[in-house]
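Data block below; observations after.
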Amino acid sequence: GHARLFLFAWLSAIWRNVCALAVQTVCRAQRRKGETPVALHLTIQPVARMVFLAAVSDASVIRWYFHKDDDRITNNVDVGALASLGYWWALLVLKAFTWEVVFDLAHYWMHRLSHANTALYRLSHRVHHRGYQPNKSRAPTPLATFQQGAIDLVLSNAIPAALALVAVDRTLGRMSPLAIELLFAQKVFVEVAGHNGLSETTWTAFPLCVWLPRALGIAIRSRDHHAHHVHPSCNFGKRTMLWDKVFGTQLKTTTTQMAM
Numbered sequence: 040g041h042a043r044l045f046l047f048a049w050l051s052a053i054w055r056n057v058c059a060l061a062v063q064t065v066c067r068a069q070r071r072k073g074e075t076p077v078a079l080h081l082t083i084q085p086v087a088r089m090v091f092l093a094a095v096s097d098a099s100v101i102r103w104y105f106h107k108d109d110d111r112i113t114n115n116v117d118v119g120a121l122a123s124l125g126y127w128w129a130l131l132v133l134k135a136f137t138w139e140v141v142f143d144l145a146h147y148w149m150h151r152l153s154h155a156n157t158a159l160y161r162l163s164h165r166v167h168h169r170g171y172q173p174n175k176s177r178a179p180t181p182l183a184t185f186q187q188g189a190i191d192l193v194l195s196n197a198i199p200a201a202l203a204l205v206a207v208d209r210t211l212g213r214m215s216p217l218a219i220e221l222l223f224a225q226k227v228f229v230e231v232a233g234h235n236g237l238s239e240t241t242w243t244a245f246p247l248c249v250w251l252p253r254a255l256g257i258a259i260r261s262r263d264h265h266a267h268h269v270h271p272s273c274n275f276g277k278r279t280m281l282w283d284k285v286f287g288t289q290l291k292t293t294t295t296q297m298a299m
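In this text, residue positions in the sequence shown follow the working numbering: the first is 40, and each later residue adds one.
Structure follows, in structure tokens:
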């Protein structure tokens with residue numbers, strides 16, 4: 040039933056979040072020589088937000104997407120598609136990349152509006168930035184990914200995710216449960232990586248096929264979102280640099296611009 044579907048999606052979201060944090064913690068440990076990221080600030084608040092807000096947000100979107108066919112989330116495996124792995128993967132990449140672009144457009148404007156409107160910023164987005172004070176390190180940390188309020192999560196995460204799923208559904212067809220799991224695993228990994236606090240890295244987003252956004256010249260790196268935390272009037276996109284380029288808010292980052 041609906042309760043079982045939500046519980047499965049919620050536990051799955053928590054697992055994805057924990058795995059993404061673990062990967063980024065290892066990456067920070069393997070940072071380039073001489074670069075010292077800020078402390079992780081492992082406190083109960085961001086952990087609680089991760090479990091009870093971020094995971095609930097993703098689970099709610101997934102439950103909504105599959106609300107008419109609950110059994111697919113756990114029981115259905117498309118054997119025919121899996122037998123043709125190359126076709127399945129190409130279609131997954133196409134759907135996932137379409138989702139990324141649409142999600143990023145909605146996220147871009149929600150994010151930009153949250154900075155442009157003082158009342159909305161104080162109400163929803165300030166909690167995400169308030170740990171970074173002038174004359175102190177404003178570099179984000181992986182746990183800062185989950186330092187968001189409920190309103191911010193709805194505006195910048197749940198609504199863009201749902202709109203992007205509808206866009207993919209209407210243009211390229213329904214996504215399977217396995218595809219959704221891979222898509223949302225990629226989603227949280229990119230979100231956490233964007234807050235890893237390391238400016239010197241060649242890592243780029245869209246791990247399902249990192250070469251695609253690079254070839255299109257819209258790849259986003261950890262340092263690009265790092266720059267947003269230092270210069271909040273730029274780099275509002277989170278999945279690609281496409282919309283910052285289109286709307287003129289891209290800051291081409293260098294290490295010196297992002298001095299921690």
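Note that the Cβ used here is the ideal one computed from N, Cα and C, for glycine as well.
CA-to-CA distance, residue j to residue i, given in whole angstroms
i           : j           : result
residue 222 : residue 158 : 33 Å
residue 16  : residue 153 : Beyond the ends of the chain as shown, which are 40 and 299, falls residue 16; an answer cannot be given.
residue 252 : residue 125 : 20 Å
residue 100 : residue 287 : 31 Å
residue 225 : residue 168 : 23 Å
residue 277 : residue 258 : 10 Å
residue 231 : residue 123 : 32 Å
residue 103 : residue 204 : 10 Å
residue 282 : residue 45  : 32 Å
residue 339 : residue 97  : Residue 339 lies beyond the range of the chain shown here (40 to 299); nothing can be said about it.
residue 256 : residue 211 : 24 Å
residue 132 : residue 220 : 13 Å
residue 246 : residue 229 : 8 Å
residue 279 : residue 265 : 14 Å
residue 166 : residue 106 : 32 Å
residue 42  : residue 50  : 12 Å
residue 275 : residue 128 : 29 Å
residue 61  : residue 260 : 19 Å
residue 149 : residue 156 : 11 Å
Neighbourhood of residue i by C-beta distance below 6 Å, restricted to the same chain and skipping five residues each side
i           : result
residue 227 : 55, 56 and 59
residue 130 : none
residue 172 : Its pLDDT being 45, under 50, residue 172 is placed unreliably by the model, and nothing is read from it.
residue 52  : 94, 97 and 98
Beta-carbon contacts of residue i that lie in its chain and below 7 Å, excluding the five residues immediately before and after
i           : result
residue 207 : 134, 137, 138 and 214
residue 249 : 243
residue 270 : 290
residue 202 : 141 and 145
Presumed contact (8 Å Cβ cut-off) between residue i and residue j, rounded CB distance
i           : j           : result
residue 194 : residue 163 : 6 Å
residue 37  : residue 234 : A question about residue 37 goes unanswered here, because the residues of the chain that appear run from 40 up to 299.
Close Cβ partners of residue i (< 8 Å) along its chain, the five nearest in sequence each way excluded
i           : result
residue 92  : 185, 187, 188, 189 and 192
residue 118 : At residue 118 the pLDDT is 47, less than 50, meaning the model places this residue with poor confidence; the figure from the coordinates comes in the next sentence. Within the same chain, residue 118 has no close Cβ partners at all.
Selection from the options that minimises the alpha carbon distance to residue i
i           : options          : result
residue 272 : 165, 151 and 127 : 151
- Message: Pairs of beta-carbons, one from the stretch 185 to 204 and one from the stretch 140 to 151, closer than 8 Å: are there three or more?
- Response: yes
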